Amino acid sequence: AVGHLETPWCFELPTSAETPKEAVVEAAALSLKLNGVVVLKREAGSPLIPADVCDECREEALRTLDGRLTTFEDLTGWDSLLVEFHFNNLSHRNPRRYDLLLEGSRWDALAEAADAWTGPILQAAS
-16 AVGHLETPWC FELPTSAETP KEAVVEAAAL SLKLNGVVVL KREAGSPLIP ADVCDECREE
44 ALRTLDGRLT TFEDLTGWDS LLVEFHFNNL SHRNPRRYDL LLEGSRWDAL AEAADAWTGP
104 ILQAAS
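Going by my numbering, the first residue of the sequence shown is number -16, and it counts up by one from there.
Listed below in structure tokens is the structure:
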């Protein structure tokens, strides 16, 4: 449940905006402090982060996960769906979740695109 229902927590941003305006930054930071959550979305459903950046990251994550799980199964003989394991670049703690360490230019591009929106808000909330 949201902590302070009178404090807005979801903000629609103009399609033309490239970063959040100062008033949105302040209101979103307040939501993080009071509600513990904030949602940023564009009017008309256009993405905040370019779709090609997200698509490339998704495809790389799936390829990387498949490769690491195949290697794990080949080396151990264990079914990666049935056992819990922890390595520095791959962990499996519950049946429907894997944690991956992913690095590279695609992830840098995603972080940079996300930071344009979230960086000012996180800074204002701290």
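All C-beta atoms in this analysis are idealised placements derived from N, C-alpha and C, irrespective of residue type, glycine included.
Fair warning: this is a prediction, and the values are worked out from it, not measured in the lab.
N71: not part of any beta strand (DSSP E); DSSP gives it neither H nor E.
Annotation: the stretch 25 to 59 contains the following complete segments of the alpha helix (DSSP H) (minimum length 4 residues), in chain order: 34 to 59. The continuous alpha helix (DSSP H) containing E95 extends over residues 88 to 108. Non-local C-beta neighbours of V36 in its own chain, meaning closer than 7 Å and more than five positions away in sequence, comprise A92, L93, A96, ordered along the chain. Pairing K16 with E56, the inter-Cα distance amounts to about 44 Å. Measuring C-alpha to C-alpha distances from G28 to each of P(-3), R80, H75 identifies P(-3) as the nearest.
The secondary-structure analysis by DSSP pairs D62 with nothing; it has no beta-bridge partner.
In the three-state scheme derived from DSSP, where H, G and I count as helix and E and B as strand, V20 is classed as coil. If you look at E(-5), you'll find it in the beta strand (DSSP E) that goes -7 to -4. DSSP places L85 in the coil class of the three-state scheme, outside both helix and strand. Bridge partners of R80 according to DSSP: N77.
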